[in-house]
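Residue numbers (the numbering used here): 6 to 351.
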Ligand code: WQD
């Protein structure tokens, strides 16, 4: 019997790639998603890649009766990977209550249902945003670095959710959890059948770059070149989404096989390498052959100057590492953007 996993937010960017990797590793996947920031036809893309159609239920995780219904309908769920969350930093400043409500109530509802339905493992989508700007001596940042005051309500929900999960697991509830702190996920599946599809004007760098390269946006703004970094632009740890997806499979296996050493474990998921925004633009131009129209503008409020991860723990303990190059990731993002154009999506 295949082990059954519930993936919340499974039609989203990281959720869809993780569903593919779970299916290819032999898991049976049930997706729940409220489609607030994704489309049901992502399920077709997943099926086209793996040959297996995941179960899909349009359910909002804040709706407890509907969520309970999913556990009743699909018996034997052994683990949950919880992606479903609102994630726009700027919007979270405008609508803090929506963010606090959605992101914490979803998590609480899932945790509440776990003992009742005998679900043992919980993997949570956390973020390097919990580190804020690490002190210089803490770069690359390890899991033990202090969590800083969040820069936005969105970031704060990640911290609060981490605490909720930790307190629940430590209360003696029959639940184990792994918190995965992602750095900057980028790229698309090599098939270009699934990828990132932001609503409206993208906030994140890579979709803005590929849309500018496609002529959808006129010019990319590089937010600042006066930071204390070698070329003055911000530094991030850009991780290929397929590598990131595989980290979830490794984490789920670890919990379901009872190999975790603590009730709650935390892993950074990144490449361990910092790349500046300007370096990334150069690499994009080199590997796609497309010249990018960009200009340097002022800093974006709330941006972190530089952050990249120490990923030794994930490498050594989880037995996972990022294997794809930045060139692979950026080429895949460009291929996906071109495919969207062919399909007439944008
Ligand atoms: C990366 C770099 C920008 C757009 C955010 C969230 C984080 C996470 C991922 C999500 C920065 C620069 C960007 C542009 C630019 N969570 N940039 N021009 O800010 O590192 O992380 O998204 O769901 O929690 O905070 O990612 O892609 O927005 O920016 O120059 O048009 O690119 O200033 O240095 P960020 P990003």
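For glycine and all other residues, C-beta sits at the position ideal for the given N, C-alpha and C.
query: Distance between beta carbons of residue 17 and residue 49, contact taken as under 8 Å; result: With a Cβ gap of about 15 Å, residue 49 and residue 17 do not count as contacting.
query: Residues near residue 101 by beta carbon distance below 8 Å, same chain, minus five either side; result: 158
query: Stretch pair the region 118-138 + the region 147-165: three plus CB contacts closer than 8 Å; result: yes
query: Closest Cα partner of residue 26 within the set 195, 99 and 270; result: 195
query: Inter-stretch contact at 8 Å, needing at least 3 Cβ pairs: the region 62-75 / the region 111-119; result: yes
query: Contact test: residue 224 Cβ vs ligand 1 heavy atom, cutoff 7 Å; result: no
query: Straight-line gap, residue 156 to residue 162 (C-alpha atoms, nearest Å); result: 11 Å
query: First through last residue of the alpha helix (DSSP H) which encompasses residue 51; result: 47-55
query: Pair within 8 Å by beta-carbon distance, residue 145 and residue 325; result: no
query: Neighbourhood of residue 203 by C-beta, 6 Å cutoff - its chain only, sequence neighbours within 5 removed; result: 212
query: Same chain only: Cβ atoms within 6 Å of residue 126, ignoring 5 sequence neighbours per side; result: 84, 181, 260 and 261
query: Per-residue DSSP class, three states only, for residue 322; result: helix
query: Residues near residue 328 by beta carbon distance below 7 Å, same chain, minus five either side; result: 248
query: Closest by C-alpha distance to residue 343, when choosing among 178, 89 and 218; result: 218
query: Contact test: residue 308 Cβ vs ligand 1 heavy atom, cutoff 7 Å; result: yes
query: Cβ pair count under 8 Å reaching 3, the region 225-241 against the region 7-14; result: no
query: Residue 342 in three-state terms, based on DSSP; result: helix
query: Rounded C-alpha distance that separates residue 3 from residue 124; result: Nothing about residue 3 can be read from this structure; the chain reaches only from 6 to 351.
query: Whole-angstrom distance between residue 142 and residue 209, CA atom to CA atom; result: 27 Å
query: C-alpha gap between residue 245 and residue 319, whole angstroms; result: 15 Å
query: Bridge partners - residue 282, DSSP secondary structure assignment; result: Paired residues: none, contrary to the question.
query: is_contact[residue 51, chain B] using C-beta, thresh 8 Å; result: Among the chains of the structure shown, chain B does not appear; only one protein chain is present.
query: Rounded separation between residue 36 and residue 253 - CA only; result: 15 Å
query: Sheet register partners of residue 181 (DSSP bridge); result: 126
query: Same chain only: Cβ atoms within 7 Å of residue 55, ignoring 5 sequence neighbours per side; result: 25, 28 and 29
query: Every unbroken alpha helix (DSSP H) within the region 164-235, with a cutoff of 4 residues, ordered by chain; result: 210-218
query: Reference residue 45; option with closest CA among 165, 60, 221 and 311; result: 60
query: Any non-hydrogen atom of ligand 1 within 7 Å of residue 2 CB; result: The displayed coordinates of the chain run from 6 to 351. Any statement about residue 2 would go beyond what the structure contains.
query: Residue 87 to residue 169 span [Cα, whole Å]; result: 14 Å
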